[in-house]
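In the numbering used here, the protein residues as written are 350 to 1225.
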């Protein structure tokens, strides 16, 4: 740096040799088959619960789950699991109402586990909503077609010049004037000047409401929130008719919102005089199957059982009667909907039939004349009538009827009770009672109704629309309706009355919800989804379903899919492919080992499923793949020996030695026997106990030993937890054959538990006999390798050599002081040499080589503890 002016200059300079951190040694990599989970993707888990969440419970297909359990049970800190089986994933196809493919859903991972999953889609209108302007006129005014008229209203908030309106005259008792469209000319705080398309007599209480003009693609809502570009906006007219269009732009201003639509949905009136509607809960029971194009399932009225049959709609109520009512709609248990058709049935689209079960029918409401059937009353008295119908007003009548030969009794309400005419015969039994509709409604009409009638509603009495002036709730769904004096009843035999009112339109964004069930129980639900990529809740965007669901993933719609609209909304899902488990081959394990190369952390590798390979040559090939990987990447393999149980004329121990000699020879691997007995943790297994290979438990013990003592401590004479027994009981005599052959045993000792009783590598090389020696070298080599990366492209000079030498010596000194290296002083424990004339020639330097020689004296385990005894003389 050049200094040009006086001042203080701060510089950072190297302070000395780079410290070397010890590489982790206790993390294991486990290859095998699992119940579920991502295939061929190394996944880090830090506990048993973490494993189960990702890969599911153990299964009978292999021993990966039990090995992970044993590893964590014995103190393992973290494991990398690589699922290698080539199982196929379950998938479902979502269709729209025309049976066109919408998008695909795939189980989050392959395997038969997904056969328990169920996929459902249904509309979701809870995310965004709005309302048209609506107000009642304060004074009477007669509006002429094409002539500006001034309407006085309580408030004009939400009205703008140029807005479309609909004028709804309050109906008189005899007729209903049609609604008239109009345009706002100007507004004040309490008046609006309009020019109407037709004449209208607006009595006080008539309705002025916003509207969407027939060819308009701009929808203004004075009250609305939550809408986004890409939404499909569905307007439900006052009579229940539904139209929709996609939103291409949203402009929000305080409480109002203006939506630009991709297409004109048609005229929508913000209010109209119509039949009131309600949702009627019912149950559907049918065995119909889909037929036709597109496939549909017919649901006739006979297939429905309404929860409240006395107020349920009749078949005659379900058809469209424009403009007062749109056709009834049914929502099935799986979310599919259908309209009542001219064929006297609901039609449900889909290649699969909807499930029987709870349904909802949205239909017009009729008030039903009060009647009770199924009675059995003898000795009918005034007290019986008062107990049942004491809520009726004075003058109301109830008629009791019985069987053949039983005269009807008319009970008339009086100030003190009821007068019964003629006097009932105590021997007669009366089976039904009904409210008697009289020539006029002065005394009120008692009805059952699915919704509570409101004062101002109109009851369709014969050909008139009688305004309701009072409503008395008598309990449950029974109401006594009052009417103005002189309200005539044209047909005293009428038993069902349409309930009319000036209802408002509703506006909502119809998104969809995707639900996932496990064995029929809801597990995940994703609401407010949209098919539009422009929408913030686009269903295929990462972080919406993908990456959030632990059970499924979704794929984007095909490029040839129809445009986003109400008609293309997801309607139902059907199974496409069934998930299936498939056994892993050696090639699958080989690919898993290749993927493991991407991960640096694991220091040990186990493959417990190799014991499931029945072909001895394929098993040997798999063992060789695992060991070769460890040799190439400085890792250590814990190998499971076969579970040899023996038979007549066989020598299990000799067979085990033969297997080791012919299958395994490496300083980077150790073999362990026998297999362990544990309490079964596979939820599908009927057995109480399970035999498992020991590698997972051994790896956990090694990890625990590393943490408590250090990698230099041989993992022998260490207790094994989580096992309740062994498949073989070994004695010292039997181990005399196996230990020299490099087969480490797990033995049970009275009072000392089950322990690892061997710490040898599977090799005849005495320099690398012990596990801790190989693993100590692996740790030191890996630590130095990672720590000296800074040296690459540094000047190949003495200054660099010194920094290398000091860094390595400092690290080895730490290991010596920790007891990992033998010797009473550092120069006995290790030696580091680097430099010209020591480890390199000038030719080496010209070739870019920096050669450092490191020699260490590893601490060897006390495998044979010899105590010699002899006689001692008194004089000695």
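Cβ atoms here follow ideal geometry from the backbone N, Cα and C, with glycine treated the same way.
Practice prompt. State the CB to CB distance for the pair residue 486 and residue 501, rounded to an integer number of angstroms; the pair is presumed to be in contact (CB under 8 Å).
Written response: For the purposes of this step, residue 486 is taken as the residue at position 137 of the chain shown. For the purposes of this step, residue 501 is taken as the residue at position 152 of the chain shown. Going by Cβ atoms, the distance from residue 486 to residue 501 rounds to 6 Å, so yes, they are a contact pair.
Worksheet item: Where does residue 771 land, buried or exposed, given buried means 16+ other C-beta within 10 angstroms?
Response: Residue mapping note: residue 771 aligns to position 422 of the chain shown, counting from 1. Looking at its Cβ environment, which holds fewer than 16 other Cβ atoms inside 10 Å, residue 771 is exposed.
Item to complete: Let me know the alpha helix (DSSP H) ranges lying completely inside the region 1033-1111, each 4 residues or longer, listed in chain order.
Response: 1044-1057, 1081-1087
Worksheet item: Between residue 832 and residue 788, which are expected to be in contact by the criterion C-beta below 8 Å, what is the C-beta distance as a whole number of angstroms?
Response: Position 483 of the chain shown holds residue 832. Position 439 of the chain shown holds residue 788. Cβ-Cβ separation between residue 832 and residue 788: approximately 13 Å, too far for a contact (criterion under 8 Å).
Worksheet item: Cα-Cα, which of 600, 615, 698, 389 is closest to residue 445?
Response: Counted from its first residue, the chain shown places residue 445 at position 96. Nearest option by C-alpha distance: 698.
Item to complete: Would you list the one or two residues that DSSP bridges to residue 715?
Response: As a working mapping, residue 715 is identified with position 366 in the chain shown. In the DSSP assignment, residue 715 is bridged to 847.
Practice prompt. Between the Cα of residue 610 and those of 600, 484, 644, 393, spot the shortest distance and give me the residue it belongs to.
Written response: Within the chain shown, numbered from 1, the residue matching residue 610 stands at position 261. The residue with the shortest Cα to Cα distance from residue 610 is 600.
Discussion item. In this structure, how does DSSP classify residue 1218 when only helix, strand and coil are distinguished?
Written reply: Taking the first residue of the chain shown as position 1, residue 1218 is located at position 869. Looking at residue 1218 - three-state DSSP - the assignment turns out to be coil, as it is neither helix nor strand.
Worksheet entry | Same chain only: Cβ atoms within 7 Å of residue 619, ignoring 5 sequence neighbours per side | Counting from 1 along the chain shown, the entry for residue 619 is found at position 270. For residue 619, where only same-chain residues beyond five positions count, the Cβ hits under 7 Å are 481, 482, 483, 515, 558, 559, 560, 853, 854.
Item to complete: Can you give me the Cβ contacts of residue 1128 inside the same chain, cut-off strictly under 7 Å, excluding the 5 residues immediately before and after it?
Response: Against the chain shown, residue 1128 aligns to sequence position 779. Only 371, 372, 374, 1060 meet the Cβ criterion.
Discussion item. Does the contact criterion of 3 or more C-beta pairs under 8 Å hold for the region 411-429 versus the region 1066-1074?
Written reply: yes
Discussion item. Using a 10 Å radius around the Cβ and a threshold of 16 neighbouring Cβ atoms, would you call residue 966 buried or exposed?
Written reply: Mapped onto the chain shown, residue 966 falls at position 617. The residue in question, residue 966, is exposed, as its Cβ has fewer than 16 Cβ neighbours within 10 Å.
Discussion item. Can you tell me whether residue 1024 is buried or exposed? The criterion is at least 16 other CB atoms within 10 Å of its CB, across all chains shown.
Written reply: Counting from one through the chain shown, the residue named residue 1024 turns up at place 675. It is buried - the Cβ of residue 1024 has at least 16 other Cβ atoms within 10 Å.
Discussion item. At the level of alpha carbons, what is the spacing between residue 916 and residue 392?
Written reply: As a working mapping, residue 916 is identified with position 567 in the chain shown. As a working mapping, residue 392 is identified with position 43 in the chain shown. Going from the Cα of residue 916 to the Cα of residue 392 covers about 42 Å.
Worksheet item: What residues match up with residue 966 in a beta bridge as DSSP calls it?
Response: The residue labelled residue 966 in the question sits at position 617 within the chain shown. BP columns for residue 966 are empty, so no partner.
Discussion item. To the nearest angstrom, how far is the alpha carbon of residue 496 from that of residue 544?
Written reply: Working through the chain shown from its first residue, we reach residue 496 at position 147. Working through the chain shown from its first residue, we reach residue 544 at position 195. Computed Cα separation, rounded: 6 Å.
Worksheet item: DSSP state of residue 1266, grouped into three classes?
Response: Past the edges of the chain, shown from 350 to 1225, lies residue 1266, and the structure says nothing about it.
Fill in: Nearest neighbour of residue 411, chosen from 646, 820, 627, 1040 [CA to CA]
Here residue 411 refers to the residue found at position 62 of the chain shown. Minimum Cα distance to residue 411 is reached at 1040.
Fill in: Beta-carbon gap between residue 661 and residue 629 smaller than 7 Å
Taking the first residue of the chain shown as position 1, residue 661 is located at position 312. Taking the first residue of the chain shown as position 1, residue 629 is located at position 280. Yes.
Discussion item. Can you tell me whether residue 574 is buried or exposed? The criterion is at least 16 other CB atoms within 10 Å of its CB, across all chains shown.
Written reply: For the purposes of this step, residue 574 is taken as residue 225 along the chain shown, with counting starting at 1. When all chains shown are included, residue 574 counts as exposed.
Discussion item. Relative to the C-alpha of residue 1138, which candidate in 1007, 365, 369 has its C-alpha closest?
Written reply: Working through the chain shown from its first residue, we reach residue 1138 at position 789. Across the set 1007, 365, 369, the C-alpha of 369 shows the shortest separation from the C-alpha of residue 1138.
Worksheet item: Which term fits residue 666, buried or exposed, when burial requires 16 or more other beta carbons within 10 angstroms of its beta carbon?
Response: Position 317 of the chain shown, counting from 1, holds the residue named residue 666. Buried, because 16 or more other Cβ atoms sit within 10 Å of the Cβ of residue 666.
Worksheet item: Cα separation between residue 805 and residue 622?
Response: Translated into the one-based positions of the chain shown, residue 805 becomes position 456. Translated into the one-based positions of the chain shown, residue 622 becomes position 273. Spanning the two alpha carbons is a distance of roughly 12 Å.
Fill in: Validate contact between the region 710-717 and the region 744-754 using beta carbons, cut 8 Å, 3 pairs
no
Practice prompt. State the DSSP-derived secondary structure class of residue 753, mapped to helix, strand or coil.
Written response: Here residue 753 is taken as the residue at index 404 of the chain shown, counted from 1. In the structure shown, residue 753 sits in coil (DSSP, three-state: anything other than H, G, I, E or B).
Discussion item. Once the 5 residues before and after residue 792 are set aside, which same chain residues still bring their CB inside 6 Å of it?
Written reply: Against the chain shown, residue 792 aligns to sequence position 443. If we look at residue 792 and ignore the five residues flanking it on each side, its Cβ neighbours are 742, 744, 745.
Item to complete: Would you list the one or two residues that DSSP bridges to residue 926?
Response: Mapped onto the chain shown, residue 926 falls at position 577. Paired residues: 440.
Worksheet entry | Between the CA atoms of residue 584 and residue 571 - distance to the nearest angstrom | Residue numbering aside, residue 571 sits at position 222 when the chain shown is read from its first letter. Residue numbering aside, residue 584 sits at position 235 when the chain shown is read from its first letter. Our two residues, residue 571 and residue 584, have alpha carbons roughly 15 Å apart in a direct line.
Worksheet item: Do residue 1157 and residue 1140 have their CB atoms nearer than 7 Å?
Response: As a working note, residue 1157 is residue 808 in the chain shown. As a working note, residue 1140 is residue 791 in the chain shown. Cβ atoms of residue 1157 and residue 1140: not closer than 7 Å.
Discussion item. Quick check: what's the CA-CA separation for residue 1064 versus residue 1103?
Written reply: To locate residue 1064, count along the chain shown from 1; it is residue 715. To locate residue 1103, count along the chain shown from 1; it is residue 754. When rounded, the distance between both Cα atoms is 14 Å.
Worksheet item: Can you name the residues that DSSP bridges to residue 501?
Response: By 1-based counting over the chain shown, the position of residue 501 is 152. Paired residues: 540.
Worksheet item: Of all the options 653, 1045, 1031, 1151, which has the alpha carbon lying nearest to the alpha carbon of residue 419?
Response: For the purposes of this step, residue 419 is identified with residue 70 of the chain shown, where counting begins at 1. Measuring from the Cα of residue 419, the nearest candidate turns out to be 1045.
Worksheet item: Less than 7 Å separating the beta-carbons of residue 1022 and residue 962?
Response: One-based indexing of the chain shown puts residue 1022 at position 673. One-based indexing of the chain shown puts residue 962 at position 613. No, these two residues do not count as a Cβ contact at 7 Å.
Worksheet item: Does the separation of the CB atoms of residue 957 and residue 1032 fall below 7 Å?
Response: Position 608 of the chain shown, counted from the first residue, corresponds to residue 957. Position 683 of the chain shown, counted from the first residue, corresponds to residue 1032. Against a cut-off of 7 Å, the Cβ pair of residue 1032 and residue 957 comes out as no contact.
Practice prompt. Kindly indicate which three-state DSSP category residue 942 falls into: helix, strand or coil?
Written response: Counted from its first residue, the chain shown places residue 942 at position 593. In the structure shown, residue 942 sits in a helix (DSSP, three-state: H, G or I).
Worksheet item: Which same chain residues, not among the five before or five after residue 438, have their C-beta less than 6 Å away from its C-beta?
Response: Translated into the one-based positions of the chain shown, residue 438 becomes position 89. Excluding positions up to five away in sequence, the list reads 455, 456, 459, 928.
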